[in-house]
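Numbering (the UniProt record's numbering), first residue to last: 1 to 306. Each residue gets a CB set at the ideal place from its N, CA and C atoms; glycine is no exception. What follows is one structure encoded as structure tokens, with my remarks underneath.
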């Protein structure tokens, strides 16, 4: 027995082990529907709770913690509440919306898998062609690159109006800004004009993915918004059947029919100074400097800047 004193006298409480107590509880959930979807695309605010049958009763006297298991549509759907009140509120979807989210998630995973298979198939074909050419005593000449990534490496001091205009057209308004460019006769000519102020080359799929996932921002109503949710992609590019980040990566990598819409949706990348710094910005890359076309060596530079 243990005793405590109060204003009304002595209160005795008994510590009992190996006995089961049954307490009536109220368990349930309710939802509030939003007038419009929130920034995550959610339509509801759900609250799940455990409450005492007697409103004045303190559950913390005999409950230490409560583990809630939410719907499987939530990532890491197990939540633990360790103090009263034992309730939890999360935003999410309604039952019908959850079915749509599930279906959309399956489509996204399927598309990502298809893109990976296509990329590996292309790599395998190129390797086979190289081996066949070597076996026949010939040289394998790959297709002309269709995609370039351009990084501005110099400021605006003493810059001629022509390269200044090219940098503006490429949206390279600050040092270390970078953009994807579709290579054709016109853009190659523009790259030559701005050559002393930029470093550019042909990015790999790995670098494209790292740029978008690590440094990706998009333009929404003139504002720079981080690319953290597939819902943003679907909302602005869904008409082009682009519903996720992997769709954007595929459009850029393959220079697909909606390349322009995707690159315009992306805010120019803001990169860091490369680890170890630049070599010599006043010299061309082939002379041991930094500016100009690096071809596939641009990937090594970008790895140091992401």
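Item                                                                                                                     : Value
Nonlocal neighbours in the same chain, by C-beta distance under 6 Å from residue 253, ignoring five residues either side : 205, 208
Spatial neighbours of residue 96 in its chain, beta-carbon cut-off 8 Å, leaving aside the 5 residues before and after    : The predicted model places residue 96 with a pLDDT of 49, which falls under 50 and marks its position as unreliable, so this point remains unresolved.
Pairwise C-alpha distance: residue 145 and residue 240                                                                   : 24 Å
Separation of residue 87 from residue 49, as counted between CA atoms                                                    : 4 Å
Limits of the alpha helix (DSSP H) - the one that residue 236 falls within                                               : 230-237
Whole-angstrom distance between residue 223 and residue 111, CA atom to CA atom                                          : 29 Å
Segment contact, 8 Å Cβ cut-off, at least three pairs: the segment 126-141 with the segment 150-164                      : no
Three-way DSSP call (helix, strand, coil) for residue 253 in this model                                                  : helix
Classification of residue 135 by the beta-carbon crowding that lies within 10 angstroms, buried from 16 upward           : exposed
Whether residue 210 touches residue 303 by CB criterion (9 Å)                                                            : yes
Alpha-carbon to alpha-carbon, residue 300 and residue 294                                                                : 10 Å
For residue 116 and residue 250, the rounded distance between their alpha carbons                                        : 10 Å
The segment 265-274 / the segment 168-176 touching (three or more Cβ pairs under 8 Å)                                    : yes
Buried versus exposed call for residue 150 [16 or more other C-beta atoms within 10 Å across all chains shown]           : buried
Segment contact flag, the segment 259-269 with the segment 177-191, C-beta cutoff 8 Å, min 3 pairs                       : yes
Residue 163 - containing alpha helix (DSSP H), residue span                                                              : 161-169
Own chain, CB closer than 8 Å to residue 286, minus 5 neighbours either side, in chain order                             : 292
Whole-angstrom distance between residue 89 and residue 33, CA atom to CA atom                                            : 13 Å
Unbroken alpha helix (DSSP H) run spanning residue 209, endpoints                                                        : 205-215
Residue interval of the alpha helix (DSSP H) (run including residue 187)                                                 : 185-193
Residue 125 versus residue 109 - alpha carbon distance                                                                   : 24 Å
Opening and closing residue of the beta strand (DSSP E) in which residue 77 lies                                         : Where residue 77 is concerned, there is no enclosing beta strand (DSSP E), given that its DSSP letter is neither H nor E.
Residue 158, buried or exposed, once every other Cβ within 10 Å from all chains shown has been counted against 16        : exposed
Per DSSP, cross-strand counterpart(s) of residue 277                                                                     : In DSSP, residue 277 forms no bridge with anything.
Classification of residue 137 by the beta-carbon crowding that lies within 10 angstroms, buried from 16 upward           : exposed
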